[in-house]
Every structure is written in structure tokens, then in C-alpha cells.
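Written out below as C-alpha cells is the structure these notes cover.
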Amino acid sequence: MFNVIFAELRKLRRPSLFLGTMSAVVFFSALFSSLLFLLIDSPQGNSDRGRTIGREVLSLSTGGVQGFASVGTFLGIIALCVFAAQTAQEYTYSTLGNLLIRQPNRWLILSGKLTAMSIFATVMAIFSAIVSIGASVILAPRAKIPTDLWFGTDGRHAILQTFVNVLISVIGFGSVGMILGLILRSPISAISFGVLWLLIVENLVIAVKNNTENWMPGAQLAAIAQGGTPNVSYSHALFLGGMYVLAGSIISSVLFARRDVSN
Amino acid sequence: MSNAAISVKDLSKKYGDRFAVSHATFEVPLGTICGFVGPNGSGKTTTMRMLLGLITPTAGTGEILGESIQHPNRYLPRVGAMIEGPAFYPALSGAENLNVLARLGGFPLSRVQGLLEQVGLGDRAQSKYKTYSLGMKQRLGIAAALLPNPKLLMLDEPTNGLDPEGIQEVRALLRLLADGGTSVFVSSHLLSELELISDYLVMLRKGEVVFAGPMQNLMEAKQPIIIAKSLNESDLPKLLALAQKTGHHATIRDSAVHVQGPAQWAVEFNKAAFDAGIHLSQLTPQLPNLEETFFEMTGDN
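Protein sequences, first through last, are from chains X and A.
Using the working numbering, read the first sequence as starting at 114 and increasing by one per residue.
Using the working numbering, read the second sequence as starting at 65 and increasing by one per residue.
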């Protein structure tokens, strides 16, 4: 198992992938947190979908992680792309055969890959947390928001809780990417399908039919990152999102284990 | 302990109604170089993939180094393989690609540089794989196959894309490995290439094994041939009939009559042709090469 994880980490640490992904993480984290404070008085809102998060909310012990929580979905989409590409490329480069010759246990290959990519996702979340909280601390005085409660006992607890929620969400999105990569066996198809579904199809369906937000897989994973939303409770999102990921994982893993590797 | 590096019985793979490999039965003795020959699409790669656990056979059994092919984890740590050309990550260097596989298989990373030097890539170890020429990619594939210090090496068309010097180096490397006790199972659609290095041969045609045994047996079983050309090409059918009338197996191929028979019989054949008013422009006794033998055995031309 450790051999598979370390082998996979060697692929993930290549500069073009690692630096490129972390740059995107830093950029989006800084952007989301900055907008939260810079647009605090904007009538169009300062958060996603035109919501307003006011000074009274940002002054609470959870105020320091509001930006980090709201960037969770974007981190998830980045993770989906990375997991999908890393999985499906084994088919497009025909390298899967090499891997299975050196480690014929297909379940070990899958679980090792998932673990290594989850480590990568954890690094993404750590970078994001540092940048978002850092940007919030820097911009809070400019928006006249007190930060006294952010790093107290409750504040530290909120940071830890939000980090865990974002991490669960990001690994959930990544697992969806891995599932799509295994099923579609092409990075472009897997990423296109995943991103289009999450950013366009789900939003369209939710806009047309109100109560569907409670059932859409992407909406559940996004709700986990935010610790629940007004429409989707945290426990519901955690249960249903987990069920979606579990069902997809079982189907794709069985396919992976049984399918012939003929290219 | 079995004396066979590879042993398969009735091994088959069926896709829909079509057999890619049909009831293949053969053995490859330990410590030999075994050529695995057959035209493109004859089922060589499918057979190799079944032996490596990448494809599940439809029927039949097989053993590699004494272990059933149903349990590839028991023999693959002792097997090196390159199937259907080299396949690596373009954005990683040659050395890093081997490091990934070494780490995965639990082999020491210190072996990598030595192997790259062994295949002539020592000075390009840190270059990205995507900058390699076809020949360099092939060499990297061979280096990857040597990572486990294999007891059995399975190579699918290893000389594709190599220049003549590279081909000679690969031949020498395979001979060196076989002399050191490694069994080598090497496929090629270029029959003449394997004739030079193989001790043992498995011939495949349309998914079926048409010969499996020592190379010597195959060559000894075949009669030498006499190639005859006439000044006038229209005389070839008459020349063919003359040879067949005397009980010799003969065919017309490449504007010449190929007659199975000993070199001494060429004198009588020459006289018979002269008596029949046929003027020969060439009469050459020769031993059949592997390609001719293959065509004779399979009835193809």
C-alpha cells in the first residue's frame, strides 16, 4: 500500500501539476476572501449567488473562516479535475498496464491512488486556509470588522471545524473526479462531464425546481464545505453526499477490478 | 519444480464470436530465448497480456515460473515486461518514470541509473520522456522491464523504432540475459529478426499455435529448397509441373519456382528443364529461413 502511495505522490509532485494547482488554489482563495471584505457594503452582496454576509456575522468567532468556507466548492472543482486527470491518464497514456504488472492487486492500486490524491487535496486545503484566513486578517480592519474573537477558543475550534468540513468536501469532489476518470477513461471527458454537471446542470435544475437542492450530489458536497446551508442541513449533506460517493466508488471499483486492460 | 518458464494449455480469449487466441498450448523452457512469432493481429499481444494478468482468459490454464496465471501477484515480482511498446508519463523524466515503477514494485531506486546506463540512456536520464526519440522510448521500456532483475523477461516487439545498431545491442543484451539464466519470451512480426537469437519458437497464426518447440527441430524438419528462375516467366508453370512430376513439393513465389529438395537434386532438375526446352536464369539451392518456413507451415504467401 505504501509503495503505491509513494509512487503516486511522485507523479503528483511534478512542478507543472503541483505549482500550477497550488497557484490556482492561492488565487481563488485570496479572491474569495478579499471580495467578502471589499464588497461588504455592496448592494449586490459579497458572497456567492448575491448573498450578503454582514459585519455582525464576520465579527463572530466564525468570521475568520467565512472566506475559506465559501471557496470550498471551487477547491472541490479543482480537486475533481486533478483526481479525474490523474486517474484517466493511466488509460490515455497506456500506463495502467505498467502499474498492474508491478502491482497486480487492483484494489491496492485504487486505494493507494485515492490516498495519495487525498494527501494532495489536504495540501491544497492547507494552502487555501492559510491564504483565506491571512487575507481576512489583513482586510478586516479596512472593513471595520473586529477580529478579537477569531483566534479565541471558539475561533480556533471554528477554524478546525471548517478545515475538516472543507477537506471532506474537497475529497468528496475529488472522489467524484476519480469515479468519472475510471468510468470514462479519458481526462477530457471526465473533467468536462464533472465540471459541466456541477457548474451548469445542477444550478439549472435547482433554479427550475426548488427542492432539488436537497438531492443534487454537487449541492450536498458544497453544503458540507460550508457546514450546511439554509436549504441543506449539514447532517443531510454529509449522509447523502457520502452515499453518492460510496455508490459511485463501488460501481467504478468493480468495473476497474474486472475490466480487461487491453491497451 | 517445473522446468518451464511459461506453460499454457488450451488458453483462449474470445471477443464476441471471434477467437483472438484459440486453444493455445505451448511451453517455454527455463533459461532460453523463445521467439513468439506471427503476423500482426495473430494474437501475440493478447496472449502476453493474459500471461501478465492484464486480460482474463475465456478458457484454458497457464503457469508462469511454476505459478498459476490466476495469481499474478505470485510471479510478477520476478517478471519484467514491455507490452505493445513503451508507455510512460510524458511530463516526467526517464529516470523519474523508472522511479515511479521501482517504488511501486518495491525495488531499490538505486537500480535506476545503472539500468538507464545499461540501455544507453545514462546521459538523458533527466530529460523529459516527451523529448525522447522513438528508439530512446523503446530503450526506456526495456530498462523498465529489467527493473525487477527478472527471471522471466517478456518483450513485445522490442526492436520497433530502433536503428540497426540499436537492434544489435538489444539482441546482444537478450543473449547476455539468457546466458545469465533469465528466460526471455520475445515477440516480433519480423520473423527474420527472431531467427537470429531464438533457441525456441512459438508460431502463432490467426490465434492458433502452428508450431512450438526448439528452433533446431523446426529447421531440421524442413527440407532445403531450390529456387529456380527461367529466362521466360511464362515457363514457370511448366517448371512447376516438372518438379511436381518427380514428387517434389513446389510453389511459385516471387517470379520463381521454390522446390523442396536436397541440393544434389538441382543437377537433375536442371537437366530436366533443359530437356523440356526451358532455359534457367537462376538455380540456387538454399536452406529455408524462418519466414519461408512459416509460410510453408501456414500455407500463406
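Virtual Cβ for every residue (Gly too), placed ideally from N, Cα, C.
| Query | Result |
| --- | --- |
| For Ser207 (chain X), which residues in chain A fall below 7 Å Cβ to Cβ? | Ala151 |
| Strictly by DSSP, which residues pair up with Gln324 (chain A)? | A:Ile289 |
| Tell me the rounded alpha-carbon separation between Asn376 (chain X) and Ser245 (chain X). | 44 Å |
| Does the distance from the CB of Ile70 (chain A) to the CB of Ile261 (chain A) come in under 8 Å? | no |
| Which class does Ala123 (chain A) belong to by DSSP, given the choice of helix, strand or coil? | strand |
| Apply the 10 Å Cβ neighbour rule to Gly133 (chain X) and answer buried if 16 or more other Cβ atoms are within range, or exposed otherwise. | exposed |
| Does the count of Cβ pairs from the segment 214 to 230 of chain X and the segment 166 to 185 of chain X closer than 8 Å reach three? | no |
| Going by CA-CA distance only, name the one from A:Gln134, A:Pro349, A:Arg235 that's closest to Val374 (chain A). | The structure shown has nothing for residue 374 (chain A), since chain A only spans 65 to 365. |
| So Ala189 (chain A) and Arg175 (chain A) are supposed to be a Cβ contact under 8 Å. How far apart are they, rounded? | Going by Cβ atoms, the distance from Ala189 (chain A) to Arg175 (chain A) rounds to 13 Å, so no, they are not a contact pair. |
| Please state the DSSP three-state secondary structure of Ala159 (chain A). | helix |
| Can you check whether the CB of Leu129 (chain A) is closer than 8 Å to the CB of Leu216 (chain A)? | yes |
| Quick check on the DSSP output: the alpha helix (DSSP H) that includes Gly307 (chain X) runs from which residue to which? | 300 to 309 |
| When DSSP builds the beta bridges, which residues end up paired with Asp220 (chain A)? | A:Ser251 |
| Just verifying my parser: in three-state terms, what is the DSSP assignment at Asp339 (chain A)? | helix |
| Closer than 7 Å by beta-carbon distance: list the chain A residues that pair up with Ile214 (chain X), in chain order. | Leu116, Leu140, Ala145 |
| Using a Cβ-Cβ cut-off of less than 8 Å, give me the residues of the segment 152 to 169 of chain A that come near chain X, in sequence order. | Phe152, Tyr153, Pro154, Ala155, Leu156, Glu160, Asn163, Val164, Leu165, Arg167, Leu168, Gly169 |
| Could you have a look at Tyr193 (chain A) and say whether DSSP puts it in helix, strand or coil? | helix |
| Which same chain residues end up closer than 7 Å to Gly107 (chain X) when comparing Cβ atoms and leaving out the 5 residues on each side of it in sequence? | Since the displayed chain X opens at 114 and closes at 376, residue 107 (chain X) lies outside it and no answer follows. |
| Give the list of continuous beta strand (DSSP E) stretches no shorter than 3 residues that lie fully inside the segment 167 to 194 of chain X. | none |
| Measuring alpha carbon to alpha carbon, tell me which residue in X:Ile301, X:Trp328, X:Ile222, X:Phe140 is nearest Met237 (chain X). | X:Phe140 |
| According to the Cβ coordinates, are Val289 (chain X) and Val358 (chain X) closer than 8 Å? | yes |
| Gly184 (chain A) to Ile296 (chain X), Cα distance in whole Å? | 39 Å |
| Excluding sequence positions up to five away, which residues of its chain have a Cβ less than 8 Å from the Cβ of Val250 (chain X)? | Gly177, Thr260, Trp263 |
| With DSSP as the reference, please indicate the residues paired to Tyr264 (chain A) in a beta bridge. | A:Cys98, A:Pro278 |
| Starting from Gln116 (chain X), find everything on chain A with Cβ-Cβ shorter than 9 Å and list it in chain order. | For the record, residue 116 (chain X) in the displayed sequence is Asn; it is not Gln. By Cβ distance, chain A contributes Arg167, Leu168, Gly169, Gly170. |
| Determine the DSSP secondary structure at Glu406 (chain X), reduced to helix, strand or coil. | Nothing can be reported for residue 406 (chain X): it is not among the residues displayed for chain X, which extend from 114 to 376. |
| Considering only the beta carbon of each residue, do Gly189 (chain X) and Phe286 (chain X) sit closer than 8 Å? | yes |
| Flag Lys124 (chain X) as yes if its beta-carbon sits less than 8 Å from any beta-carbon of chain A, otherwise no. | yes |
| Just to confirm, is the Cβ distance from Ser147 (chain X) to Ala253 (chain X) under 8 Å? | no |
| Compare the C-beta of Ala120 (chain X) against all C-beta atoms of chain A and say whether one is closer than 8 Å. | yes |
| Pull up the distance between the alpha-carbon of Phe358 (chain A) and that of Val85 (chain A), whole angstroms please. | 18 Å |
| The alpha helix (DSSP H) with Lys309 (chain A) in it runs from where to where? | 300 to 309 |
| On the three-state DSSP scale, how would you describe Glu148 (chain A)? | coil |
| Check whether chain A comes within 8 Å of Asn211 (chain X), counting only Cβ atoms and requiring the distance to be less than that. | yes |
| Strictly under 8 Å for the Cβ-Cβ distance: is Ser129 (chain X) near chain A by that measure? | yes |
| Can you have a look at Asn365 (chain A) and say buried or exposed, based on whether 16 or more other CB atoms are within 10 angstroms of its CB? | Unreliable placement is indicated for Asn365 (chain A), whose pLDDT of 48 sits below 50; the coordinate value is still reported in the next sentence. By the neighbour-count rule (16 or more Cβ atoms within 10 Å), Asn365 (chain A) is not buried but exposed. |
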